[in-house]
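Asker: Chains as they are written, first to last, in the numbering used here: chain A, 1 to 660; chain B, 661 to 1331.
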């Protein structure tokens, strides 16, 4: 029964189904908050009991520091390794800071202005002790620094890798192409920002806070009224700084938006270079770029003014405090409550107290940004993966899988058939994409799914490969509900060849081997041969060892598709799901692809999302999808003879193809 | 054709032409900088560029910084004096002269306030200076992108060019923010040394040991750490590349169940980065406590020496306090010099990349001729040859215009000659890599031929005045490029056109209906690269952009490939009518037979040469290559249709006819 209630996706967004999305080459600066956060936050609670098992509460934007730390510890436990020793070292490091004011005070009060005049012996002793203390402090600081770097970088690397793995399990990666930039930022800039902060500000933050506390204690020891005076000066300043911080973060947010605008405008002048030239739009483009550059600069400058104000205000406050301490100090001293040494030492202590305040204002902003980045990474890790391997569910003792056998099932051997039983699908926030689809694909049949853009064709392919699960109903392959099939069994037997035939920046052999990691070069060459591509392969400069370049850029779109087909052939699946390529290739390559497809689908069950009706003509069964429903089914010959959607599609298509 | 969006400050010039924005004498300065050997000197020369360009801001920030530095030194002097003249006597005698105490307190405050003022001007002016320099160079770099020929663009990847304008400019001007601070620190140190010498020569000697040591430590640190951070930068880029690639290929990774292997690959890069960060952290971990300990040792030395001098009555208590205080105050600002130095290697690398763009030559030159006629133009090519730039273009084939990717870097075009007569439709076809897209870019003078001439109405395109080509020729590329703007602006691109004209063009491009349905009609924002539209819709907008100009020569580079076949048929019919109505000569690159069928003449390219030229039916007979190319697809379709139509199995059970399809296909088409 639980099997019939598939874990419903947590936070998918309506993706522009089958629609080309931005392939902008822009790096994502500081990463815009990915849309999935908003979607997750607005998700109706409690609706999906099946998925709610281990779904953590949706992290709120205003999460406290402490709960972030707890989340971090849960996800990267080594973050707190040896924290006791490190804190002890930090204590030594900060206590060491008071050595100088203490020595100055001793020297002044007892060494040079003591009752017996100058006491060189005492000065030497005090200085020697201080020197030893300084060396020890430096050593402790060094060890603490290295420990902090090691632990924090280790924890960040763990977080990075875990987030990377987890993102691959999130269906939004394959559904909402536009979210990819944001997801990439989670494992790159967000973590980098944190690590950058820890290198440059993090240690300073730890030491500064300690230094302020220690300085305060000592100041209290020397003179509590003077300490009170200092605090009276600085407390309002701290409150004012909080207000400034808020304004500053608004201004920085504007800066980040402006960077995005600027990069967008600059990239138009690069990516659109040919259009700009062909239409003489240089001046227009230049104006746009200049405007965005100027807007960026002005946003930066506005933020900078605020920073300068905050800093000099801090300095001004400390000037007030210093003057006040001189005034109050002398009056206390005259009353016999304070010695010269103590008063001077107090003035020294104030530099110890003021500097951390200054540094804190400097690093707090970076710190807040880094923390925001860290929270985004933790949020991603806490987003439940919507499609889960049943093999893992039982290991976790997950309630959703416990009723349905031991960690999922394998697909039956041999040819596979496909059944859609009242399958309904809707994206979390959108209207239904598929309304109760029923269909059966017999083993080893070639099926073409046709329909206009947005009809739901691609959704069928994604449900078949379990890139997502139906909202209602069930998909069965070889009689087994897809949600119960172990991924180890599913991924080898059911293979999808996506539209764009994505290639990695490696050789052809490496890319094909992706289908079966153990394959030798000879087996790969044989796979090309089996689908009739031996001659194409032979024509390449280095055969299977030919490098394909970034995203396969050294090959044409059609050639990339050929490699993708060989990859599928090598994987040797029993069910092939093909999303037909739409980009135009020259007829010779197209014929090659067509022939390779025929070879590839031979003896296998195949479901092709057809964008060309020539594919439908060769299929055993044609399914016509319109507005999320199967409106017609039959062979091409049947359908073309009946009035209906298919006939309409076909006539316009043949008008285009055979106008001669 | 002046565009309405012209920058008001620029001199009047045609919409297509932009001037560079480099400061006068930039090329000379660049040569001088590149001729300097040491990184630090080169860095200083680069900073000098900023000083010259933003004199006033620089002066203001140095003024602020020097004020800050002098006030810092003064504050230690004042504190010493206050101790000696007010604190010590008051506390010793048990009563104070309140007038002098108040003025002492006021003096302490005044010096502190001066520090604050200095700090404000330094921070503010230095920041503004940095952002202004960044903005100047970003504008200059982008201006070059707009000026330099397409051939130059083809040699550089998009990513590199974007990073030139953003990250590299940022790196270039990274040292300019702390630079005025460092200059001010030098002033401060000079003042401090003066004060020390004036106070006591022996205490000054301590200073002469400690200050240079701090300087040396800073330099050593910068030297040690900059290669480590360079490595960190590299590894960050690597981590990012792996993540991008893996997520871009997510569908493949997921459907083949390779997540674990991808994670292992990512983990390798992430762990390398982690180790590099820790290595850099170790160096920093040593440096920070040393930098702090050194001035503290200075203070201790001052106390010992000072106690001796007080004992021998050569020094007052106030002097001692003053010098000790000075040492604690100076420790922090001295680091500013280190900040400048440590940013220099990065800055020099940024300079290398940015100045390469700014000094690049090869802007398209224009002639003075103007095309006299109106209506469809005659296009004539004679002996045209074109070769892609050599090995200095890093990745060769990867950067060519879409579609034309050849394995062998031979001439892309050789000895191409043909004529398109006014009002006629000429189709250009050939296999992938035959040179079609290259040819098209010559027709719109995106590039100039290495040999031969391209003439419109008898005028060599190179002899036409600026704006001459763009006003006569409109090119629609294979990949429709839309700007992040409204539908209307994407079509007019700054021309002042009435809406009716825009709608006419949209109608002809079969785009009127979907544009009407858009929420804002013509004013709908299409998003970056037109993301909110489908590929076919983008292509139709791009087509309308060309048609609205009523070009005398319309060049379509497979411009309807993503359009629904039904819609494409209507567009083609409209274009056909356009040709026969006699307003444009049309050159169309096509694969699809339906498109080619529209043409009056066909040019068939093979390996960059015209292999055949004539009417479609003539070529089918006369050119075996052409016949094979054009009919391969159709014969395949025809052969497959026959069995499917005649004896397709009514039971949908098994694939009995599958192999037969394959075999028939094989025999007829590929043998």
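Just so it is clear, CB atoms sit at the ideal spot from N, CA and C, and this is done for glycine as well.
Which residues in chain A have a C-beta closer than 7 Å to the C-beta of residue 836 of chain B? List them in chain order.
Answerer: Looking up residue 836 of chain B in the second chain gives position 176. In chain order: nothing, as chain A lies at least about 13 Å away.
Asker: Is the separation between the beta-carbon of residue 878 of chain B and that of residue 998 of chain B shorter than 7 Å?
Answerer: Here residue 878 of chain B refers to the residue found at position 218 when the second chain is read from its first residue. Here residue 998 of chain B refers to the residue found at position 338 when the second chain is read from its first residue. For residue 878 of chain B and residue 998 of chain B, yes; Cβs fall inside 7 Å.
Asker: Nearest-angstrom Cα distance between residue 1148 of chain B and residue 1182 of chain B?
Answerer: As a working note, residue 1148 of chain B is residue 488 in the second chain. As a working note, residue 1182 of chain B is residue 522 in the second chain. Their backbone Cα atoms lie some 5 Å apart in a straight line.
Asker: Would you kindly check if the distance between the Cβ of residue 1038 of chain B and the Cβ of residue 1082 of chain B is under 7 Å?
Answerer: Taking the first residue of the second chain as position 1, residue 1082 of chain B is located at position 422. Taking the first residue of the second chain as position 1, residue 1038 of chain B is located at position 378. A contact, by the Cβ cut-off of 7 Å.
Asker: When DSSP labels each residue in this structure, what does residue 432 of chain A get in the three-state scheme?
Answerer: Taking the first residue of the first chain as 1, we reach residue 432 of chain A at position 432. Residue state, collapsed to three classes: strand.
Asker: Do you know how far the Cα of residue 1236 of chain B is from the Cα of residue 1258 of chain B?
Answerer: Counted from its first residue, the second chain places residue 1258 of chain B at position 598. Counted from its first residue, the second chain places residue 1236 of chain B at position 576. If you take the alpha carbons of residue 1258 of chain B and residue 1236 of chain B, they lie about 6 Å apart.
Asker: Run through chain B and tell me which residues come within less than 7 Å of residue 150 of chain A, C-beta to C-beta.
Answerer: Position 150 of the first chain holds residue 150 of chain A. Those within 7 Å of residue 150 of chain A in chain B are 938.
Asker: Give the DSSP bridge partners of residue 409 of chain A, in chain order.
Answerer: For the purposes of this step, residue 409 of chain A is taken as residue 409 along the first chain, with counting starting at 1. Bridge partners of residue 409 of chain A: A:485.
Asker: Which bits of chain A does residue 779 of chain B rub up against, with CB to CB less than 8 Å?
Answerer: The residue labelled residue 779 of chain B in the question sits at position 119 within the second chain. The answer, in chain order, is 308, 311, 312, 315.
Asker: Confirm, please, whether the CB-CB distance from residue 78 of chain A to residue 154 of chain A is below 7 Å.
Answerer: Taking the first residue of the first chain as 1, we reach residue 154 of chain A at position 154. Taking the first residue of the first chain as 1, we reach residue 78 of chain A at position 78. Yes, these two residues count as a Cβ contact at 7 Å.
Asker: Which residues of chain B have a Cβ atom closer than 8 Å to the Cβ of residue 237 of chain A, listed in chain order?
Answerer: As a first step, residue 237 of chain A is located in the first chain; it is residue number 237 there, counting from the start. Those do not exist, as residue 237 of chain A stays about 12 Å from chain B at its closest Cβ, beyond 8 Å.
Asker: Leaving aside the five residues before and after residue 1323 of chain B along the sequence, list all residues of the same chain whose C-beta is less than 7 Å from its C-beta, in chain order.
Answerer: Stepping through the second chain from its first residue, residue 1323 of chain B is reached at position 663. With a pLDDT of 31 at residue 1323 of chain B, under the threshold of 50, the predicted position of this residue should be treated as unreliable, and no value is reported.
Asker: Is the CB of residue 358 of chain A under 7 Å away from at least one CB in chain B?
Answerer: The count along the first chain starts at 1 and reaches residue 358 of chain A at position 358. By this cut-off, residue 358 of chain A is not an interface position.
Asker: Pair every Cβ in the stretch 835-842 of chain B with every Cβ in the stretch 800-813 of chain B, then say whether three or more of these pairs are closer than 8 Å.
Answerer: With a cut-off of 8 Å, the stretch 800-813 of chain B and the stretch 835-842 of chain B do not count as touching, because too few Cβ pairs lie within range.
Asker: Quick check on residue 1051 of chain B: buried or exposed, where buried means 16 or more other Cβ atoms within 10 Å of its Cβ?
Answerer: Translated into positions along the second chain, residue 1051 of chain B becomes position 391. Below a pLDDT of 50, predicted positions are generally treated as unreliable, and residue 1051 of chain B, at 44, falls in that range; the measurement from the model is reported next regardless. The residue is exposed, with fewer than 16 neighbouring Cβ atoms inside 10 Å.
Asker: Could you say which of B:1045, B:765, B:793, B:889 lies nearest to residue 1071 of chain B if we only look at CA atoms?
Answerer: The residue labelled residue 1071 of chain B in the question sits at position 411 within the second chain. Closest by alpha carbon: B:1045.
Asker: How should residue 1036 of chain B be labelled, buried or exposed, when 16 other C-beta atoms within 10 angstroms of its C-beta is the threshold for buried?
Answerer: Walking along the second chain from the start, residue 1036 of chain B turns up at place 376. With 16 or more other Cβ atoms within 10 Å, it is buried.
Asker: Please decide whether residue 1053 of chain B counts as near chain A, where near means a Cβ-Cβ distance under 7 Å.
Answerer: Along the second chain, one-based indexing puts residue 1053 of chain B at 393. Per-residue confidence for residue 1053 of chain B stands at a pLDDT of 40, beneath the threshold of 50, marking its modelled position as unreliable; no derived number is given.
Asker: Specify whether the stretch 750-769 of chain B and the stretch 690-709 of chain B touch according to this definition: at least 3 beta carbon pairs, one from each stretch, less than 8 Å apart.
Answerer: No, the stretch 750-769 of chain B is not in contact with the stretch 690-709 of chain B.
Asker: Quick check: residue 1270 of chain B and residue 1213 of chain B, are their CB atoms within less than 7 Å of each other?
Answerer: Within the second chain, the letter at position 610 stands for residue 1270 of chain B. Within the second chain, the letter at position 553 stands for residue 1213 of chain B. In this structure, residue 1213 of chain B does not lie closer than 7 Å to residue 1270 of chain B by Cβ.
Asker: Counting pairs of beta carbons, one from the stretch 269-283 of chain A and one from the stretch 726-740 of chain B, are three or more of them closer than 8 Å?
Answerer: No, they do not touch.
Asker: Grab me the residues of residue 580 of chain A's own chain with a C-beta within less than 8 Å of its C-beta, minus the 5 sequence neighbours each way, in chain order.
Answerer: Here residue 580 of chain A corresponds to residue number 580 of the first chain, with the count starting at 1. Closer than 8 Å at Cβ, skipping near neighbours: 499, 608, 609, 610, 611, 612, 615.
Asker: Please check if any C-beta of chain B sits within less than 7 Å of the C-beta of residue 570 of chain A.
Answerer: For the purposes of this step, residue 570 of chain A is taken as the residue at position 570 of the first chain. Residue 570 of chain A does not count as touching chain B.
Asker: Hey, does residue 145 of chain A have any beta-carbon neighbour from chain B nearer than 7 Å?
Answerer: As a first step, residue 145 of chain A must be located in the first chain, where it is residue number 145. Judged by the 7 Å Cβ criterion, residue 145 of chain A is in contact with chain B.
Asker: Mapping the DSSP letters down to three states, classify residue 296 of chain A as helix, strand or coil.
Answerer: For the purposes of this step, residue 296 of chain A is taken as the residue at position 296 of the first chain. Here residue 296 of chain A sits in helix by DSSP.
Asker: Determine the extent of the beta strand (DSSP E) in which residue 1269 of chain B is found, giving its start and end residues.
Answerer: Counted from its first residue, the second chain places residue 1269 of chain B at position 609. Counting along the chain, the beta strand (DSSP E) containing residue 1269 of chain B begins and ends at 1269-1274.
Asker: Mind checking which residues open and close the beta strand (DSSP E) that includes residue 523 of chain A?
Answerer: Indexing the first chain from 1 puts residue 523 of chain A at position 523. Here residue 523 of chain A belongs to no beta strand (DSSP E); instead the alpha helix (DSSP H) covers 521-530.
Asker: Do we get a CB-CB distance below 7 Å when we pair residue 949 of chain B with the residues of chain A?
Answerer: Along the second chain, one-based indexing puts residue 949 of chain B at 289. Yes, residue 949 of chain B lies at the interface with chain A (some Cβ there is under 7 Å from its Cβ).
Asker: Sort A:642, A:225, A:366 by Cα distance to residue 192 of chain A and report the nearest one.
Answerer: In the first chain, counting from the first residue as 1, residue 192 of chain A sits at position 192. Residue A:366 is the option with its Cα nearest to residue 192 of chain A.
Asker: What residue from B:767, B:982, B:778 has the CA that sits closest to residue 863 of chain B's CA?
Answerer: Against the second chain, residue 863 of chain B aligns to sequence position 203. Checked all of B:767, B:982, B:778; the closest Cα to residue 863 of chain B is B:982.
Asker: Taking beta-carbon pairs under 7 Å, can you tell me which members of the stretch 207-222 of chain A lie near chain B?
Answerer: The stretch 207-222 of chain A vs chain B, Cβ under 7 Å: nothing.
Asker: Hey, is the stretch 294-302 of chain A in contact with the stretch 247-255 of chain A, meaning 3+ C-beta pairs nearer than 8 Å?
Answerer: With a cut-off of 8 Å, the stretch 247-255 of chain A and the stretch 294-302 of chain A count as touching, because enough Cβ pairs lie within range.
Asker: Under DSSP, the beta strand (DSSP E) around residue 448 of chain A begins and ends at which residues?
Answerer: Position 448 of the first chain, counted from the first residue, corresponds to residue 448 of chain A. Its beta strand (DSSP E) spans residues 446-450.
Asker: With C-beta atoms as the reference, is residue 315 of chain A less than 7 Å away from residue 756 of chain B?
Answerer: Residue numbering aside, residue 315 of chain A sits at position 315 when the first chain is read from its first letter. Residue numbering aside, residue 756 of chain B sits at position 96 when the second chain is read from its first letter. For residue 315 of chain A and residue 756 of chain B, no; Cβs fall outside 7 Å.
Asker: So what does residue 285 of chain A bridge to, in DSSP terms?
Answerer: In the first chain, counting from the first residue as 1, residue 285 of chain A sits at position 285. BP columns for residue 285 of chain A are empty, so no partner.
Asker: From A:382, A:409, A:480, pick the residue whose C-alpha is nearest to that of residue 420 of chain A; which is it?
Answerer: In the first chain, counting from the first residue as 1, residue 420 of chain A sits at position 420. For the residues A:382, A:409, A:480, the minimum Cα distance to residue 420 of chain A belongs to A:480.
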